Every structure is written in structure tokens, then in C-alpha cells.
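**Q**
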Amino acid sequence: MTLQGCFILLASYHIFSERAMRPVVAVEKLVFGGDGLARLSDGRVVFVPGVAPGEEVRLRIVREEKDYLLAEPEDILSPSPDRREPPCPYFGTCGGCQLQHLSYEAQVRVKTDMLRETLRRLGGLPEDLVEGVVPSPREFHYRHRLRFHVEPGTGALGFVKRRSHDLVLIRHCLLGEGSVNEVLQKLPESNAWRRLQAFTKRVKIEASPGEGLATLLFWITVEPLSADVEALAQELPRLKSVFYWVRGPKPRGPFPLDAPHGGRRLFPVPQKFFPETPNPCYFVRPGVFTQANWEINLRIIETLREVADSPPRVLDLHAGMGNFLFPLAVLSQEAQGVDTDPGAIADGEYTAAQLGLSRKVSLERLSAAETLLETWKAAETWPLVLLDPPRGGCRELLRYLPEVAKERIIYISCDPPTLARDLKFLLSAGYEVERILGFDMFPQTYHLEVLVSLKKRRG
Ligand SMILES: C[S@@+](CC[C@H](N)C(=O)[O-])C[C@H]1O[C@@H](n2cnc3c(N)ncnc32)[C@H](O)[C@@H]1O
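Counting from 10, one number per residue, gives the positions in the sequence shown under my numbering.
#1: According to DSSP, is residue 458 part of a helix, a strand, or is it coil?
#2: Hey, would you say residue 286 sits closer than 7 Å to residue 234, going by beta carbons?
#3: If the criterion is Cβ atoms closer than 7 Å, does the pair residue 159 and residue 210 meet it?
#4: Does residue 27 come out as helix, strand or coil in the three-state DSSP assignment?
#5: Select from 242, 317, 347 the residue whose C-alpha is nearest the C-alpha of residue 267.
#6: Could you name the residues of the same chain whose beta carbon sits closer than 6 Å to that of residue 462, not counting the 5 residues immediately before and after it, in chain order?
#7: Count the other CB atoms, across all protein chains shown, that sit within 10 Å of the CB of residue 388; report buried if there are 16 or more and exposed otherwise.
#8: Assuming contact is defined by CB atoms lying nearer than 7 Å, are residue 326 and residue 377 in contact in what I supplied?
#9: Going by DSSP in three states, residue 237 sits in which element: helix, strand or coil?
#10: Going by C-alpha distance, which of 392, 404, 430, 425 is nearest residue 413?
#11: Kindly examine ligand 1 and report whether one of its heavy atoms sits closer than 6 Å to the Cβ of residue 399.
#12: Would DSSP call residue 409 helix, strand or coil?
#13: So residue 293 is in the beta strand (DSSP E); what residue range does that whole segment cover?
#14: Any heavy atom of ligand 2 closer than 6 Å to the Cβ of residue 348?
#15: Considering just the uninterrupted stretch of the alpha helix (DSSP H) at residue 428, what are its terminal residues?
#16: Whole angstroms is fine: what's the gap from residue 61's alpha carbon to residue 74's?
#17: Thinking C-alpha only, which one of 415, 258, 439, 345 is nearest residue 370?
#18: Can you check whether the CB of residue 441 is closer than 7 Å to the CB of residue 466?
#19: Compute the beta-carbon to beta-carbon distance between residue 63 and residue 82, rounded to the nearest angstrom, for a pair I have assumed lies under 8 Å.
#20: Give me, in chain order, the residues of the same chain whose beta-carbon lies closer than 6 Å to that of residue 340; leave out the 5 immediate sequence neighbours on both sides.
#21: Quick one: measure Cβ to Cβ for residue 415 and residue 351, integer angstroms, because I've assumed they're closer than 8 Å.
#22: Return the first residue and the last residue of the alpha helix (DSSP H) that residue 188 is part of.
#23: Under the DSSP definition of a beta bridge, which residues are partnered with residue 248?
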């Protein structure tokens, strides 16, 4: 054998033996975060992305921690019948989606299992309390808002890569609505944007579904020329308005100055929620929180109305612009909402006026904790308290909540682990679960929204 032949033989033996030494595991389930959980032959837990329950997978270990390992799938040896070719070319590189390799039915099943498991493990709740997860009417193009990072120098837009801080540039996002994708494509070609992008790090493109248009909000480190910002709105015909955030509590805008409704986005809501208002609509400024998937948001509101069952008075401790509060206000005599975002409160007041609810609803810029404490000091109670916190949950509210929410709490959460923690406390503080229902607000990702209705036990 020649020397070259020897080298080839040795190299292929090395590759073959390395490959043979890579562990093969069976995926037990997917866990919150979207990774598959499997066990090595010595019992250690390993997490691996891009797999499905039941699959046999050859792994490449990428990191060892004290209690677990992280791996990448090298070969899927027995593909699950739920597996499909991920439709998005960025899947696997982009950090945005985790479940595109599964059929949509399988995603909903997996999320139901994840929710049950998380509430049982961290909250001690029986798994059969979770009724299921309501699928999204749209599997793709459901997101009416997307936030991008700006590539320094070129002004191109992208998301952060999986397990990295690098950018993956995006021309089209399968999750984004049509108008959002159109602005995403056209923005880097705009002359005004070429001038503005040098000092811009992030942008948010948000749809105005009632108008088939979009808005743009960008974060910039120096005060831009108004002429450039106005030119941007003109160069992109699908843009309703442009805002920018340079410093201070709220963004500057709208550009153009006379954009309808102060440049706000319009969200039509069903007539049955507001029977006395013709063509009811919510009005929301760019940057103010809105639920990402409007069709699923409307399903949540429907369930909320059913569960809340005409409460005489309702207090919403994370009211935002009034999304959940207004449809309940119509069914009650008094509705109060608080939120820490001044923009959300301003939009809530604007929307309440348009819906003819100003006299029934009061909105105030206050924190949930301050509100609870003041309510408790005044010995005031509410028959229904709504919670819809950011991911961190309601830990700081738990001390006073049972003193104020005398009958019912409806807790809407986007984070099952913190929800489980808070439910554990509330169950020990005298509440019982009436309903738990998931909503797939975020197809293709591991995220979901959960509605829990709790009732105070008698005696
Ligand atoms: C998940 S969003 C929900 C908003 C609204 N319920 C909706 O559906 O549009 C959470 C809201 O909590 C608000 N928030 C964050 N921290 C808060 C606090 N400490 N007290 C009251 N509101 C807070 C945010 O401004 C945001 O509007």
C-alpha cells in the first residue's frame, strides 16, 4: 500500500470510529424551550434541538454542564411520522423558530404535553386540569409585529442566530404578516434609510391590520433630520407612519405629522364584543404592546368573556391599552386598569373614547404592586382581578392578591414556568382552578399563551 493509501485508510478509520462513538439516544419528549430530552447510557440527561419525540438520533455533544449535556443531532436514525421538511430556509440558523420540522398538528400536541408537564412539575397541578391548546387559525404569516437588528454599515435587517449573538439577515419571515414583510424587503433599498441606518441598532415593523398598512419604529443614537424621517414614510408606500426613539419616555412621531389617528395601528374587533359601537376598533401606537397573533388574541377574549361571566366590577393589573379589559367592561358596571407604560395608557384612553367606554373605564399609569397595596390599605376588594404579566410573572403581587381578589382571578400568562410557580402559591392561599386552556399564539416556536381561571374556595 502506498503512503497516501495508508493516510486515507487511517483518516477514514478515524472518521468512522469517531462517528461510531457518537452516542445514539431515543428522544423521550420535547421540553419547554423546544429541545428534545434524551438520556445517555450512563443516565445523564442530554438536550438536543430539531428532533421529535420517539426518534432515535445520533448526537454530537457540544457542551457538558454539571447536571446535563447539550448536543446537536447528527443523524436522525428513525424519523418520526410527525417530521416534515422545514418550510423556511433560515430554520436551524435563525433563533426565532424551534418547531418548524414538525407538522402543525404535532406542534400543538407537543405544546399541550409541555404545558401539562411544566404545570405538574413546577406547580404540582394534575395534568388533566389542562383542557388542551387552541390551535392558531394561521400557521404562518400570523405575526403582526417583528423586531429586527440592523447590520452595521449596510442597514440590512436580521434576527439573532441560534445560540449566538451574530445576525442572520432576513429577506422574508414566514411568521410575519404581508405588510410587515413588504416593508422588511423594501426598507434596505430606501435612500432615506441608507442615511438613517448608520446610527440605528433596532427596528420594529408592525402591521395595522385594519388598513393593510404597517408602521416603523426605529431606535437611533442621535437626533435624525426630520426631512429624512419624512422621506422614509414617502419612499415606502405600505408605511402608514414612522416613529423613532432617541431618548425619553416615548418615541417621537408620527411622520407624517398628519397620519390618521396620530399614526396609530388599527385593530378591528368583532361587533359582538362591542354591540353598541359601529365598526369597533383598537388604536395602538407603534411600540405599545399588542398580542402578536390577532386571531388567537380574539379567541382568548372570547374565552375570557365566557369564563368571566358578566362580573359586576373588574380590576386589570396589566391592562396595556385595554385589550382584555374593554370587552369585559361592556359586561360590567365598573372597570379599572393599570399599567406602567404611559403610551399604553394614552392609547387605552383614546380607544375607550372611540368605543364609547370612557365613563365606565378608568385607566391609570401605576404599577400592579402599588395598585394592590393601595387597594388593600383602603380595604377595597374586587370580584374579578385580571393578571397578564410579562414573562417574570406575578411574584411581587402574591402577598396582597388574596386579600383583594375576593372571588376570582383570571391569569393570562406567556410563560408556563412562572405561571406554575404563581399557581402553586395561589392554590395554597385558598383558590381552586376552574379552567386551564392554552392558546397557540406563536406557531413554529415553543412559546404559547395560557389562560387560567381561579375561584376563591368557600369557608
Ligand atoms: C403581556 S403585556 C399585556 C398587556 C395587555 N393585557 C394586552 O393584552 O395587550 C404586559 C403588560 O404589563 C405591563 N407591565 C409591566 N410591568 C408592570 C408592572 N410592574 N405593573 C403593571 N403593569 C406592568 C406592560 O407595560 C405590558 O403592557
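All residues carry an ideal CB built from backbone N, CA and C; glycine is no exception. Every value quoted in this text rests on a predicted model; they were computed, and no experiment measured them.
**A** So, to answer that:
#1: Counted from its first residue, the sequence shown places residue 458 at position 449. In the displayed model, residue 458 falls within a strand according to three-state DSSP.
#2: Taking the first residue of the sequence shown as position 1, residue 286 is located at position 277. Taking the first residue of the sequence shown as position 1, residue 234 is located at position 225. No. Outside cutoff.
#3: As a working mapping, residue 159 is identified with position 150 in the sequence shown. As a working mapping, residue 210 is identified with position 201 in the sequence shown. In this structure, residue 210 lies closer than 7 Å to residue 159 by Cβ.
#4: Indexing the sequence shown from 1 puts residue 27 at position 18. In this prediction, residue 27 has a pLDDT of 49, which is less than 50 and means its spatial position is unreliable; what the coordinates show is noted afterwards. If DSSP states are grouped into helix, strand and coil, residue 27 belongs with the helices.
#5: Residue numbering aside, residue 267 sits at position 258 when the sequence shown is read from its first letter. Closest option to residue 267, Cα to Cα, is 242.
#6: The sequence position of residue 462 within the sequence shown is 453, counting from 1. Excluding sequence neighbours, residue 462 sits near 316, 419, 443, 444.
#7: Start at 1 with the first residue of the sequence shown, and residue 388 comes out as number 379. With fewer than 16 Cβ atoms within 10 Å of its Cβ, residue 388 is classed as exposed.
#8: For this step, residue 326 is matched to residue 317 along the sequence shown. For this step, residue 377 is matched to residue 368 along the sequence shown. Against a cut-off of 7 Å, the Cβ pair of residue 377 and residue 326 comes out as a contact.
#9: As a first step, residue 237 is located in the sequence shown; it is residue number 228 there, counting from the start. Residue 237: helix per DSSP, three-state reduction.
#10: As a first step, residue 413 is located in the sequence shown; it is residue number 404 there, counting from the start. Nearest of 392, 404, 430, 425 to residue 413, Cα basis: 392.
#11: Position 390 of the sequence shown holds residue 399. Answer for residue 399: yes, Cβ within range of ligand 1.
#12: Stepping through the sequence shown from its first residue, residue 409 is reached at position 400. Correct three-state label for residue 409: coil.
#13: Position 284 of the sequence shown, counting from 1, holds the residue named residue 293. Taken as a continuous stretch (DSSP letters only), the beta strand (DSSP E) holding residue 293 covers 290-293.
#14: This structure lacks ligand 2; the ligands present are ligand 1.
#15: On the sequence shown, position 419 is the one that residue 428 refers to. Start and end: 425-437.
#16: To locate residue 61, count along the sequence shown from 1; it is residue 52. To locate residue 74, count along the sequence shown from 1; it is residue 65. Going by the C-alpha atoms only, they are around 23 Å apart.
#17: Reading the sequence shown from its first residue, position 361 is the one you call residue 370. The shortest Cα separation from residue 370 among 415, 258, 439, 345 belongs to 345.
#18: Translated into the one-based positions of the sequence shown, residue 466 becomes position 457. Translated into the one-based positions of the sequence shown, residue 441 becomes position 432. Taking the C-beta atoms as reference points, residue 441 is found nearer than 7 Å to residue 466.
#19: Numbered from 1 along the sequence shown, position 54 holds the residue referred to as residue 63. Numbered from 1 along the sequence shown, position 73 holds the residue referred to as residue 82. Actually they do not touch by this definition, with Cβ atoms about 14 Å apart.
#20: If you number the sequence shown from 1, residue 340 lands on position 331. The residues are 319.
#21: Here the question's residue 415 lines up with position 406 in the sequence shown. Here the question's residue 351 lines up with position 342 in the sequence shown. That pair is no contact at about 30 Å.
#22: Indexing the sequence shown from 1 puts residue 188 at position 179. For residue 188, the enclosing alpha helix (DSSP H) covers residues 187-195.
#23: The sequence position of residue 248 within the sequence shown is 239, counting from 1. Partner(s): 223.
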